[in-house]
Amino acid sequence: MKTRRAAGAIVNILSVNAHCGAPDLAIYSATKGALSTLTRNIANAHLSDRIRVNGINMGWVATPAEQEMQARTLGKGENWAKIAAAGLPLGRLLTMDEVAQLTLFLLSDASGLMTGTLIDLEQSVLGAPPRGIA
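Per our numbering, the very first residue in the sequence shown carries number 1; after that it's consecutive.
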């Protein structure tokens, strides 16, 4: 984009684990946290180039790779997603289509001047106590 002197948009895909993550995901979470900072740094560095850079912190997404890991690698069985979804506030996992739709929005002119923004695509509110805890 810089070489062509063309405006554009970049969307980085991260994880809500960028905020902290479970103890057994420390390395994964640290890399997502680094990508979070890099997303904002690149957005700032390329403002004058008219290149917008945003990120999506995804929650738990039902993907073929997640199916393989949960069902087979971790041995939770083929119906792991249904069981996991039952414990989530909105009763389901994110879909790949939902992530794609948000990505397309951020890449489009419809997202306007948004740059350096990290969107939590998750069914919980960051900083709120877990449900059932007062």
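All C-beta atoms in this analysis are idealised placements derived from N, C-alpha and C, irrespective of residue type, glycine included. Since the structure is predicted, the reported quantities are computational estimates derived from the model, not experimental observations.
The DSSP-derived three-state label of residue 52 is strand. Of the residues 16, 52, 45 and 102, the one whose Cα lies closest to the Cα of residue 31 is 16. Apart from the 5 residues on each side of it in sequence, residue 58 sits with its Cβ closer than 8 angstroms to the Cβ of 13, 14, 15, 16, 94, 99, 121 and 122 in its chain, given in chain order. Shown here, residue 114 sits in coil according to DSSP, grouped into three states, outside any helix or strand. Taking C-beta separations shorter than 7 angstroms and ignoring five residues to either side along the sequence, the partners of residue 63 in its chain run 96, following chain order.
Residue 89 has its alpha-carbon roughly 13 angstroms from the corresponding atom of residue 129.
Along the length of the stretch 40-94, whole alpha helix (DSSP H) runs at least 4 residues long occupy 64-67 and 80-86, reported in chain order.
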